[in-house]
Amino acid sequence: MARLALYRREMSGNFYSWRGGAWIVAASLIFSMIAYLLLTDKELSLLDQGEMLFTFGEIVIALGAVMSVTTGSSAISSEVESGTLESLLLTPIHHRQIAIEKLMSAASMWLLLYVASIPYLLVLASGTGLGVDAIFYVGFYGTLVAIGFSSLSIAISAKVRSSKNSIMVSLMILLILLAPSLFFAASLKKTAFGLAVENINPVSHATNSLDSVLVDNEHELMQQAGHIGPVIAFAAACLALFAAYTRRMELKA
Amino acid sequence: MTLAWRWTNLCLKGMPALLSLICILSASSAIFGLTPSCCGMTTIEEAANMRSFVNIQSAWAYDDNKTSASALTQSAGAMRINITSPLVVNGTTGQIIAIKGTISNLEPAASAPAAGIAYISIVDTTAKVPIDLEDWSAEKGLYIPAIAGGQSLPLNWNVRLVKAGNYTVDVLFNKEDGARGGSGSIPPHSQPSSISSSSSLLPPPITSQRIVLEVAPKLNLNPGNVLPVAFATPAALIAILALINYIRGRRVGIYR
């Protein structure tokens, strides 16, 4: 019996063809464009380098979250729709093991995206001494956010069993959590409701922590404890949902 | 259904929409006709009317109480701002220049110290608008709590040249009015009769010589050495994927 056979099959589907590998090339082109824009645009080039790093870090985490949601939300439902779930369930792999290997493949895609973003973080941080902090915190928060969204999407996919519906639900959840950080103006975040939303939103905690480290120069891990806790709690809650909904998979008529 | 009936039907169906459009156009022309200065645009005629109104106000103030007017002139002339940095500055975008000057209180040493806010103002002479100083200077205003009679204080602003163009730079000083306790506020919508009272008029700001600033554009195609990374990373990824594909193809027999 091959170990992690499903995981290796998923990874080969992601990379062993041009269609599979196009996503990482597209992501790196996006990073190239944004890094160039940040450094050469007349207005944006006057940003503090810490703010440039923060903007780029936000984009890396957001892109990773989108990829995790897109990959995870069709993980189980695509097997159901293509009729391959039956043959998968007949293999000597436990049901939860199937879901775990799907989760591992989604997390691996985030890791590859993160590795591809490291050269850009280094060039944006050149001369500031923020390179190591940027790489560490983007990787730390990005991994937690990616694992959280992947597991949540897989749980929704296992429950809904329709790719279209599970992608829509997962993307809506993602947009609701990303909206305060990426779309809301600073003035909206300062209202009482905006502050309340920021306090319960794990993505806001991740971006606020990045802002604190890269812009405000608060590098110590203990200074970020107030932000790390909610993000870990979010990932743990999503994994709990994942464990509950993938405990047993059944074929339904 | 005959052709005439079809056309009649179409016209009847389209009549509500057509009427709505006519109403909207009429309302818009009425609104814009009544308020030509909506959207922040001021016509030349309005500007001329404004100037004449200001001139009338100044005339009333001068005629009604020449003592107060002369006092205003005296208070305005009691402070002076001299620019010590060059009056013609040429720079490149991204560069940081220093605008330096001194503010002097020309009153006798025994007089009460003056206080106020010194600030910088930059006008784009090409676009004919003052610019927002948010990106140009971190400290736009400097509060001077006290400058004694006969004393001079240095002023210094570091200005980052954000955008290419032609500008003029002024340093201004708003002196606090001691009679108002330094609040510097006047009642809104003052009637002309109240202008005659000297306590209602604040002294005008004291201005420096005007500095001419010409900013040339800067072309930098590779800031921070980003181009090698921007091109090399996608190229490396494509190369890695191509290699993986080729190795797998050789194993499977697609490539020989």
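Chains A and B, in that order, are what the protein sequence lines are.
If you use our numbering, the first sequence corresponds to residues 779 to 1031, in order.
If you use our numbering, the second sequence corresponds to residues 958 to 1213, in order.
Where is the CB? At the ideal position from N, CA and C, for every residue including glycine.
Restricting to runs no shorter than 3 residues, where is the beta strand (DSSP E) found entirely within the stretch 1055-1130 of chain B? Whole beta strand (DSSP E) segments, 3+ residues: 1071-1081, 1098-1104 and 1109-1117.
Run through DSSP, which three-state label would B/Glu1171 get? B/Glu1171 carries a strand assignment under DSSP once its states are collapsed to helix, strand and coil.
According to DSSP, what are the bridge partners of B/Met1036? Partner(s): B/Asn1062.
Would you identify the three-state DSSP class for A/Arg786, choosing helix, strand or coil? DSSP places A/Arg786 in helix when its eight states are reduced to three.
A/Tyr898: contacting residues in chain B (beta-carbon distance under 9 Å): The answer, in chain order, is Val1183, Val1186, Ala1187 and Thr1190.
Rounded to the nearest angstrom, what separates A/Leu784 and A/Tyr898 at their Cα positions? Distance from the CA of A/Leu784 to the CA of A/Tyr898, rounded to the nearest whole angstrom, comes to 32 Å.
Which same chain residues end up closer than 6 Å to B/Pro1185 when comparing Cβ atoms and leaving out the 5 residues on each side of it in sequence? Excluding residues within five positions, none has a Cβ falling inside 6 Å.
Closer than 8 Å is the cut-off here; do at least three beta carbon pairs connect the stretch 856-870 of chain A with the stretch 824-834 of chain A? Put simply, the stretch 856-870 of chain A does not touch the stretch 824-834 of chain A. Fewer than three CB pairs are less than 8 Å apart.
Does the Cβ-Cβ distance between A/Ala1013 and A/Ile925 come in under 8 Å? In this structure, A/Ala1013 sits near A/Ile925, with a CB-CB distance shorter than 8 Å.
DSSP state of B/Gly1048 mapped onto helix, strand, coil: Judged by DSSP in its simplified three-state form, B/Gly1048 adopts strand.
Give a yes or no on whether 8 Å exceeds the smallest Cβ distance from B/Leu1198 to chain A. Closer than 8 Å: yes.
Is B/Leu1044 close to chain A? Criterion is C-beta to C-beta, closer than 8 Å. Contact with chain A is absent for B/Leu1044, since none of that chain's Cβ atoms lies less than 8 Å from the residue's Cβ.
Endpoints, the alpha helix (DSSP H) within which A/Met1000 is located: Run containing A/Met1000: none; DSSP gives neither H nor E here.
Drop a sphere of 10 angstroms on the beta-carbon of B/Val1045, count the other beta-carbons inside from all chains shown, and report buried for 16 or more, exposed for fewer. B/Val1045 comes out exposed.
Does A/Lys967 come out as helix, strand or coil in the three-state DSSP assignment? Note: A/Lys967 maps to helix in three-state DSSP.
Using three-state DSSP, classify B/Ala987 as helix, strand or coil. Because B/Ala987 sits at a pLDDT of 48, beneath the cut-off of 50, its placement in the model cannot be relied upon, and the point is left open.
Proximal residues to B/Tyr1100 (C-beta, below 6 Å), its chain only, five neighbours per side dropped: Hits under 6 Å: Ile1074.
Local Cβ density within 10 Å of B/Thr1049, reported as buried at 16 or more and exposed below that: Under this definition B/Thr1049 is an exposed residue.
Run through chain B and tell me which residues come within less than 7 Å of A/Ala807, C-beta to C-beta. For the record, residue 807 of chain A in the displayed sequence is Leu; it is not Ala. By Cβ distance, chain B contributes Pro1191.
Option nearest A/Leu817 by Cα separation, candidates B/Ile1053, B/Pro1070 and B/Val1183: The shortest C-alpha separation from A/Leu817 is found at B/Val1183.
In terms of residue numbering, what span does the alpha helix (DSSP H) encompassing A/Ser865 cover? Residues Leu863 to Leu867.
Going straight from the alpha carbon of A/Thr906 to that of A/His1005, what length do you get? One Cα belongs to A/Thr906, the other to A/His1005, and the distance between them is close to 24 Å.
Going by the DSSP bridge assignment, what does B/Thr1164 pair with across the sheet? Beta-bridge pairing links B/Thr1164 to B/Leu1129.
I need the DSSP call for B/Ile1053, collapsed to helix, strand or coil. It is a strand residue.
Taking 8 Å as the threshold (C-beta atoms), are B/Leu1112 and B/Ile1104 in contact? Cβ distance not < 8 Å, so B/Ile1104 and B/Leu1112 don't count as in contact.
So, using beta-carbon positions, are A/Ala903 and A/Leu1019 closer together than 8 Å? Contact flag unset, no.
Give a yes or no on whether the minimum CB-CB distance between A/Tyr785 and chain B is below 8 Å. Output row for A/Tyr785: interface = no.
Taking C-beta pairs closer than 8 Å, name the residues in chain B that A/Ile837 reaches, listed in chain order. Around A/Ile837, no beta-carbon contact reaches into chain B at under 8 Å, the shortest distance being about 15 Å.
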